[in-house]
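J.: If you're matching them up, the sequences are chains A and B in order. For what it's worth, this note's numbering labels the leading residue of the first sequence as 1, then goes sequentially. For what it's worth, this note's numbering labels the leading residue of the second sequence as 1001, then goes sequentially. Even glycine gets a Cβ: it sits at the ideal position worked out from N, Cα and C. None of the values given here were measured: they were computed from a predicted structure. The structure under discussion is supplied below as C-alpha cells; questions concerning it will follow.
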Amino acid sequence: MEPFVVLLPLFGALLAMPAGKLVSARFAELLTTALVGLAAIYSWYLFIDIGLGHNARDAALLFTWIASGNFVAEWAVRLDTMTAVMLVVVNTVSFLVHFYSIGYMHDDKSRPRFFAYLSLFTFAMLTLVTADNFIQLFFGWEAVGLASYLLIGFYHHKKSANDAAIKAFVVNRVGDFGFALGIMAIYFVFGSVEFDSVFDAIRTDAVVTPFAFSEGGNIRDLSINFLGSNVHALTLIGVLLFIGAMGKSAQFILHTWLPDAMEGPTPVSALIHAATMVTAGVFLVCRCSVIYEYAPTAAAMVTFVGASTAFFAATVGLLQDDIKKVIAYSTCSQLGYMFFAAGLGAYGAAMFHLFTHAFFKALLFLCAGSVIHAMHHEQDMKKYGGLRGVQPYTYVMMFIGTIAITGVGFPFLYDIAGFPVGTAGFASKDAIIESAYAAGEAGRAFGFYAFGMGLIAAVMTSFYSWRLMFLTFHGKPRAPEEVMKHPHSVPDWMLAPLAVLAVGALVAGMMFYPHFTGKKGDAFWDGAIYQSFGYESSYAYKETGDADGAISGDYAAAEEQYADEAHASDKAHGDDHGGHKLPTWVLYSPLVAMLIGLFGAWMHYMRGGDPLRPGLLKPGGVIHDFLKNKWYVDEVYRFLFLRPAQRLGRALWKGGDGRIIDGLGPDGISGLAGIGSRLIVKLQSGYIYHYAFAMLLGIALILFFVLTGGGQ
Amino acid sequence: MTETASVIPWLSFLTFSPLIGVLLIILRRAMSREDEREAVDLAAKRVALLTTSLAFIVSLVVYFFEYDTSLEGFQLVESAAWIGSGIGYKMGVDGASILFVLLTTFIMPICIIASWNSINKRVSDYMIAFLILETMMIGVFCALDLVLFYVFFEGSLIPMCIIIGVWGSEGERTFMGRIIKNRVYASFKFFLYTLLGSLLMLVALIWMYLFSGSVLPDGPTTDIPTLLSAVDFPGGAQTWLWLAFFASFAVKMPMWPVHTWLPDAHVQAPTAGSVVLAAILLKMGGYGFIRFSLPMFPIASDFFAPLVFALSVIAIIYTSLVAFAQEDMKKLIAYSSVAHMGFVTMGIFSGTEEGVEGALFQMLSHGFISGALFLCVGVVYDRMHTREIAAYGGLVQRMPFYAFFFMFFTMGNVGLPGISGFVGEMLTMVGVYKVSTWTAALAAVGLILSAAYGLRLYREVIFGTITREPLQAITDVNRKEAAMLLVLMIAALYLGLNPTPTLDVFSPAVDTVLNRYDAALTAVAN
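As C-alpha cells, this is what we get:
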C-alpha cells in the first residue's frame, strides 16, 4: 500500500495529457487533483500513524535500481518520521495548489500540460523524501529540478521565462556538482550509499575501510585524501552534500535562480519555490544529521551560510517592488533560518520551521496570486494600494499569512498554556532563534552570529512583510481606475485552499510544537534525526553505544534512555522551558524584533502621506543601490563565469580545434605532403572506392607478414 | 578462458546476413532496365529493411535462447580455418560484446527507415553501403581473432567514408587552395585520422603475433582467447603495444585531441550516417580498450591511466565549452558526444568494476540517446534543409510531439537520473573517484556544462515564438518518425530505470578482465 503514496501523483502526471486530449481539460485537472488529494489523505494517515502513533515501518523495497559491484541502490519507500513530515507537507500543499490552479489557470490553453507537470513534480518530490539511499535521493533531487525547469519555463514563448528556467537548472547543477561528489565520497568511504549502513556506521563509530586502504579506522576520526590534501572524511562529505543543498535551497551565492524563478505561474511559486522543493536542502541536512553532528566544521559552514542568507535575503527583500520577488526573497531568508538551526544541531526546530513555513508561505504566494489575478497580472506593488475593499477575503487571508511569517505570538502565555501561544511562524521561528542563543552559550560555532543575524533578519522580515501588506491593501489605490472598477473576479476554486492554509498558518505551530521540538520530540522523531544538542534538549539523546534501540524502533528502551539523558542535559544546559534558564530578553527578543519592523513599516507606509516617498535609504545612495541591485551578485557572475565561458568556448573551438589541432594535424600533414590535395582531386572526381583500396592494402600487409615471417 | 562452442554458426549467420541483402539488391539491379530506377530503389529499401530487421530478430533469438548471461568467458564460439599459421576465423561473444551486437542490429533498421525519404540519389548504392557496414560492425564485436578483428575494424571505415563522401550534405569550402565539397573534406579527414591510428595498431598486432610464437608451444597465434589467457606480454613491450592500440582506439572514441574529425563527419553525414556513427562506430574504440588494452596490457594500462584521465577530463570540459559555442545543431551534439566519451575512457582506465561497467553502460546508453538526438536533428533538417540553430526557434508552437521527444533526449544527454545516461556517468565517476579524486571532481564539472549547452540548444530551437516565415508551416513528427523516437525513448527509459539486468550481463566479462588486470598489477607489486 505504502508505495501508492508516491505513485498516485505519477499516475496523474502520466494520465493528464491523454485525459486532456481524449476527454476534456477539466477532467484532466480534476483527475490529477483527485489523485494528489488521495495521496494527501493517505499521507496524513501515515503521519499520524508514524509520527504520533509511533508505528514506524521498514522501508518498502520495490526493486534494485542500480547494482554494480558494491554500488547498490534500491527503489524504495522509506517511511520514518522525517519522511512522514515531508509527505504531509508535499502532498497537502500540492493538493491545495492543484485545486487552486483549476481556478488560476482557467483561461490557459495548455492546462493539461500544466497539471501533468505539477503532478510530475509532486511525484519527484515524493521519491526524494521517501528515498532510502543517496542515489534515489539524487534521482528525486534532479527530477524536481526538471519539473521546476519545466514549470518556470511554462510560458515558453517568453524569453525571460526561458532564461529563468535555464538559470534555475544550471545553478542547481552547480550545487549538484557538490552533491554528486559527496555521494562518491560516501561510497568511497563506506562502500555503500544506503542511509542505514552509512548512518549506523557513524552512530556506532564503526571501523570502515575505504577503497584501497590497507587498514581502516574509526569513521568519526577517519581522514581521506581529496584533491591532494588530507581531510576529515565526515567533514568533506558534509561540506559536499551541503553544496548540493545550497543550490536546491537557494542559499547565498547559489541563490540567484530563485527570484528569477518567479517567472513561473504563481501556483508553481507557491508549491515548488516556497513550500516544498526549496526545502529539499534542509531535508537533506536533517536527514544526514548524524553526519553533521560528527563534522563540526561542516556544521559550522551550514550555520554560517544559513545565517548569512537569512540576513542577506532579508536586506534585498526590503526594496523589492514586485510582490512575488518580495515573497521569494523572504523564502530565501526563511530557508536561511532553517539551515542555521540545522547547523547548530537543532534539527527538530529546522524541520518544524520547514513544516510551518510550508503553510504560511504557500498561503502568502497563493494570496499574491489572487491579487495578481485580480489586478490583470500586474505584479508591481507600486501600482497596487487600497485593495482591502476590492479583495476583503484575500486581505484577511494574507493578513493571517503575514502575522504567521512575522511571528506574532504571546511568549508570556507559554507557562500557562504549556506550549507557545501564537501563529505557526511564531512557534517555529522562536524555537530557532532561542536555540541559536542556547547553542551560542554552549559554544557551538557561529551560535551567537546566527542568533544576531536571525534577530536582525526578523526585524527586516517584519518590515518587508508589513510593507507588502500596506502597499497592497492599504492607502489610496494607485492602479488605473478601470482596473479598480473591474478587477478580474477570483474564482472560488482559488479561494477555498487559502482558508485551509490559513488554518495551518494559525494553529500548526501550537499543535505540533511538542512533537517537533518539545517534550514529545524523542518519541516523535524516533531516531529519524540525530541530535546531540537542541533547544529543549529533552529529546537530545546523546550517543551511548545503545543506538540500536533508537534505530530498531524500540521506543520503550529508547525513551527511557532519552529521559535519563534529558535529565542530565537539563542540568548541563538548564534550558528547558519549564525551568528555563534562557535570559528573559532572549525569549522576548523575536517578538520585539517583529514589533520594531512593524513599527517602521507602519510609520513609513501608513503615516506621512505618500507611501512611495523615499525613506531612510534614498534612491541613488550607495546602500539603496546595492540592495536594489541584489548585492550585484548576478552581475559578478556574469562577469566571472558566463562571459568567460562563452569566450573560452569560442576560443577553444576556433583556436584550439581549428588552428592548433587541425592546423598541425590533418590539414597540416596533408598540406605538407601534398597528398591531401591529390587525394581530394580523386575524391572529387568520384573515385571514392580508393578508400577501399587503401584498406585492402592494410590487410595485404598482414598476409604478407604472416606468410613470410610469422608462419615459420 | 572458458569457451562454449556453438553447433549452429549463429554469429556468422548474423554477421553475414546483411550480405544476403546486398546480393539481392545487386541482382535486382542487374536484372532491371534503365528506366526502372524508382522500382529498383524501392526494392533496395525494402530489401535493406527486411534484411536488417531479420538480423535484429536473429540477434534477439541468439540473446534470449542461445546466450547464457551468467557464464564467464566466450560463448557461441565457432572457428574455422582461414589464413592458417595460427590465424583463424573465430567468432564468439561475451558480456562485453553481446549487447553491442544487439545495439547494432537494433539501430540498423532505424537507420534504414530514417533514410527512406531523405535519400534520393543512388539509393541502391546507399543501401548496399549500409548493409556492408552492418556486417563490419557486427563482425567487430564478434571477432575472436586479432586479424579478423582488424579486418572488420578497418572494413567498417570504407562504407562509412563512402556514406559521408557521397551522400553527405552540400556546401563547399576552400582547402589547400582548391574549392572542394565539405563532405569530401570531412570524409577525407575521417579517413586520414583513422588510417594513421590503425596503421600503428597493425604494426603492434604483427609484433604480438610474432611474440606469441615465442611463448606458446603451438606456435604463434592471433587467437584472442589464447592471447588473453596464455600470453603475458613483457612490461616494456606493453608500453609500446598499448600506445599503438591507443592510437587507433583513441581516434575512434574519439578522445581529445584527436577528435576534430568527428564534428565534421557528423555535420556532413546524412542523418542515418550520423546515427550509426554516434551509436555504434564510436563504441568500437571503447570496446577495443576493454577487450585488448586493459586485459592484454595491464601494466601499461595502469601506467598510462593518468594520461587517459587527463585527456578524458580535458575532453569533458573542453568539448563541453566548445559545444556551448556552436551554431550548428549537429556540431553541438557531436561535441557533446566527445564529452560523453570522456566518461567512458575515464571509467575504463579506473580499473574498477563500477568504472568499467559504467563505461560499457555509458556506451550503450549513448548509442540510444545520441542516436536519437541526431534523428531529432534529421527530422527538422528534412523539413527545412538547414542545421543552423539560429534558423529555428519556437518549434514547440507547431511541433509539440517533437518538442516532447527532443526534451526527453536532451535531458538524457544532460544525465538526468531515470534516463540511461545518468547510470553510466554516475558509475564511471564513482569508479574513477576511487583512484583519482581530481579526475572525478573535474569530470563532475561536466554535469554543469552539459546542462548549459543542452538547455541552450533546446531553448534556441524549441522555445520562444516563431519569427521565421518558413517555420510557420512546419509539420510535427509523422508516425514513422514518432515510432523511431518512441522506441529509442523506451530503450533509454528502461535502461535508466532498471539498469541492473544490463549491468549483470556486463558483469562476468568485466570480472574476467579485471581479475586479469588486478592479478598482473599484484604480480608487479610483489
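1) In this structure, does DSSP put LYS429 of chain A in helix, strand or coil?
2) Interface residues of chain B around GLN646 of chain A at Cβ under 8 Å?
3) Quick one: Cα of TYR535 of chain A to Cα of LEU1455 of chain B, how far?
4) Looking at ILE237 of chain A: is its Cβ nearer than 9 Å to the Cβ of TYR337 of chain A?
5) Of the residues B:GLY1378, B:ILE1158, B:ILE1008 and B:THR1002, which one's Cα is nearest the Cα of GLY1073 of chain B?
6) Span of the alpha helix (DSSP H) holding GLY1236 of chain B?
7) Going along the chain, which residues of its own chain have a beta-carbon closer than 6 Å to the beta-carbon of PHE1594 of chain B, five neighbours each way excluded?
8) Can you give me the start and stop residues for the alpha helix (DSSP H) that GLU1134 of chain B sits inside?
9) What residue range is occupied by the uninterrupted beta strand (DSSP E) comprising HIS232 of chain A?
10) Cβ of ARG650 of chain A less than 9 Å from any chain B Cβ?
11) From what residue to what residue does the alpha helix (DSSP H) around PHE451 of chain A run?
12) At the level of alpha carbons, what is the spacing between VAL72 of chain A and GLN136 of chain A?
13) Could you check whether the Cβ of ALA439 of chain A sits closer than 9 Å to any Cβ belonging to chain B?
14) Is it right to say TYR149 of chain A is buried, meaning 16 or more other beta carbons lie within 10 angstroms of its own, or is it exposed?
15) Under 9 Å, Cβ to Cβ, is there at least one residue of chain A near ASP1218 of chain B?
16) With 9 Å as the threshold, decide whether the Cβ of ALA1310 of chain B is near any Cβ in chain A.
17) For the ligand NAD, any of its heavy atoms closer than 8 Å to the Cβ of ILE1419 of chain B?
18) Apart from the five residues on each side of it in sequence, which residues of its chain come closer than 8 Å, Cβ to Cβ, to LEU1216 of chain B?
19) Under a Cβ-count criterion, where at least 16 other Cβ atoms within 10 Å of its own Cβ denotes burial, should THR1467 of chain B be classed as buried or exposed?
20) Please classify GLU565 of chain A: is it buried, with 16 or more other beta-carbons within 10 angstroms of its beta-carbon, or exposed?
21) How would you call LYS1330 of chain B, buried or exposed, if buried means at least 16 neighbouring beta carbons within 10 angstroms?
22) Mind the definition here: the segment 1468–1481 of chain B touches the segment 1350–1357 of chain B only if three or more C-beta pairs lie below 8 Å; say whether that holds.
23) Is DSSP giving TRP65 of chain A helix, strand or coil here?
24) Could you give the DSSP three-state label for TRP1010 of chain B: helix, strand or coil?
25) For ILE102 of chain A, I'd like the list of residues in its chain whose CB is within less than 6 Å of its CB, leaving aside the five on either flank, ordered along the chain.
26) Beta-carbon within less than 6 Å of ILE323 of chain A's beta-carbon, same chain only, minus the 5 sequence neighbours each way: which residues are those?
27) Indicate the three-state DSSP secondary structure (helix, strand or coil) for ARG78 of chain A in the structure shown.
28) With the cut-off set at 9 Å, would you say SER289 of chain A and TYR530 of chain A are in Cβ contact?
29) Short of 6 Å in beta carbon distance, which residues of its chain neighbour THR297 of chain A, apart from the five on each side in sequence? Order them along the chain.
30) Using a Cβ-Cβ cut-off of 9 Å, state whether LEU108 of chain A counts as contacting chain B.
31) Out of B:VAL1203, B:ILE1462, B:SER1320 and B:PHE1106, point me to the one whose CA is closest to VAL1487 of chain B's CA.
32) Check ILE135 of chain A in the structure and name its three-state DSSP category.
33) Report the neighbours of ASN162 of chain A on chain B: residues whose CB is nearer than 8 Å to its CB, in chain order.
34) Just mark TRP1261 of chain B as buried or exposed, buried being the case when its beta carbon has 16 or more other beta carbons within 10 Å.
35) According to DSSP, is GLU1357 of chain B helix, strand or coil?
36) Is the CB of PHE1422 of chain B under 9 Å away from at least one CB in chain A?
T.: Once the coordinates are examined:
1) Mapped onto the first sequence, residue 429 of chain A falls at position 429. Helix at LYS429 of chain A.
2) Taking the first residue of the first sequence as 1, we reach residue 646 of chain A at position 646. Near GLN646 of chain A (Cβ distances below 8 Å), the residues of chain B are PHE1324 and ALA1325.
3) For the purposes of this step, residue 535 of chain A is taken as residue 535 along the first sequence, with counting starting at 1. For the purposes of this step, residue 1455 of chain B is taken as residue 455 along the second sequence, with counting starting at 1. For TYR535 of chain A, the predicted structure reports a pLDDT of 41, less than 50, and the residue's modelled location is therefore unreliable. A value from the coordinates is still provided. Their backbone Cα atoms lie some 45 Å apart in a straight line.
4) Numbered from 1 along the first sequence, position 237 holds the residue referred to as residue 237 of chain A. Numbered from 1 along the first sequence, position 337 holds the residue referred to as residue 337 of chain A. Contact flag unset, no.
5) For the purposes of this step, residue 1073 of chain B is taken as residue 73 along the second sequence, with counting starting at 1. Closest option to GLY1073 of chain B, Cα to Cα, is B:THR1002.
6) The sequence position of residue 1236 of chain B within the second sequence is 236, counting from 1. GLY1236 of chain B -> alpha helix (DSSP H) spans 1235–1252.
7) A question about residue 1594 of chain B goes unanswered here, because the residues of chain B that appear run from 1001 up to 1526.
8) Translated into positions along the second sequence, residue 1134 of chain B becomes position 134. Here the alpha helix (DSSP H) through GLU1134 of chain B covers 1123–1142.
9) Position 232 of the first sequence, counted from the start, is the residue given in the question as residue 232 of chain A. Its beta strand (DSSP E) spans residues 229–232.
10) Indexing the first sequence from 1 puts residue 650 of chain A at position 650. Yes, its Cβ sits closer than 9 Å to a Cβ of chain B.
11) For the purposes of this step, residue 451 of chain A is taken as the residue at position 451 of the first sequence. Taken as a continuous stretch (DSSP letters only), the alpha helix (DSSP H) holding PHE451 of chain A covers 447–473.
12) Looking up residue 72 of chain A in the first sequence gives position 72. Looking up residue 136 of chain A in the first sequence gives position 136. Going by the C-alpha atoms only, they are around 11 Å apart.
13) Taking the first sequence and counting its residues from 1, one reaches residue 439 of chain A at position 439. No, ALA439 of chain A lies away from the interface with chain B (no Cβ there is under 9 Å from its Cβ).
14) Here residue 149 of chain A corresponds to residue number 149 of the first sequence, with the count starting at 1. Buried, because 16 or more other Cβ atoms sit within 10 Å of the Cβ of TYR149 of chain A.
15) Mapped onto the second sequence, residue 1218 of chain B falls at position 218. Chain A, which has no Cβ nearer than 9 Å to the Cβ of ASP1218 of chain B, makes this no.
16) Working through the second sequence from its first residue, we reach residue 1310 of chain B at position 310. ALA1310 of chain B does not count as touching chain A.
17) Looking at this structure, you won't find the ligand NAD or any other ligand, since it has none at all.
18) Along the second sequence, one-based indexing puts residue 1216 of chain B at 216. Closer than 8 Å at the Cβ level, and outside the excluded window around LEU1216 of chain B, lie THR1226, ALA1230 and VAL1231.
19) If you number the second sequence from 1, residue 1467 of chain B lands on position 467. By the neighbour-count rule (16 or more Cβ atoms within 10 Å), THR1467 of chain B is not buried but exposed.
20) Counted from its first residue, the first sequence places residue 565 of chain A at position 565. Per-residue confidence for GLU565 of chain A stands at a pLDDT of 41, beneath the threshold of 50, marking its modelled position as unreliable; the derived number appears in the next sentence. Counting Cβ neighbours within 10 Å, GLU565 of chain A comes out buried, since at least 16 surround it.
21) Sequence index remark: in the second sequence, residue 1330 of chain B carries index 330 (1-based). Result: buried.
22) no
23) To locate residue 65 of chain A, count along the first sequence from 1; it is residue 65. Note: TRP65 of chain A maps to strand in three-state DSSP.
24) Here residue 1010 of chain B refers to the residue found at position 10 when the second sequence is read from its first residue. DSSP places TRP1010 of chain B in helix when its eight states are reduced to three.
25) As a first step, residue 102 of chain A must be located in the first sequence, where it is residue number 102. Cβ neighbours of ILE102 of chain A beyond the five flanking positions: GLU29 and TRP493.
26) For the purposes of this step, residue 323 of chain A is taken as the residue at position 323 of the first sequence. So the qualifying residues of the chain are ALA368, GLN379 and MET381.
27) Here residue 78 of chain A refers to the residue found at position 78 of the first sequence. Of the three classes helix, strand and coil, the one that applies to ARG78 of chain A here is coil, per DSSP.
28) Mapped onto the first sequence, residue 289 of chain A falls at position 289. Mapped onto the first sequence, residue 530 of chain A falls at position 530. Going by C-beta atoms, SER289 of chain A is nearer than 9 Å to TYR530 of chain A.
29) As a working note, residue 297 of chain A is residue 297 in the first sequence. THR235.
30) By 1-based counting over the first sequence, the position of residue 108 of chain A is 108. Here residue 108 of chain A is Asp; the residue named in the question, Leu, does not match the sequence. False, the Cβ-Cβ gap to chain B never drops below 9 Å.
31) Along the second sequence, read from residue 1 onward, the residue named residue 1487 of chain B stands at position 487. Of B:VAL1203, B:ILE1462, B:SER1320 and B:PHE1106, the residue nearest in Cα terms is B:PHE1106.
32) Counting from 1 along the first sequence, the entry for residue 135 of chain A is found at position 135. Helix at ILE135 of chain A.
33) For the purposes of this step, residue 162 of chain A is identified with residue 162 of the first sequence, where counting begins at 1. Here the neighbours are ARG1459, PHE1463 and GLY1464.
34) The residue you call residue 1261 of chain B lines up with position 261 of the second sequence. Per the 10 Å Cβ criterion, buried.
35) As a working mapping, residue 1357 of chain B is identified with position 357 in the second sequence. Here GLU1357 of chain B sits in helix by DSSP.
36) The sequence position of residue 1422 of chain B within the second sequence is 422, counting from 1. It does; some Cβ of chain A falls within 9 Å.
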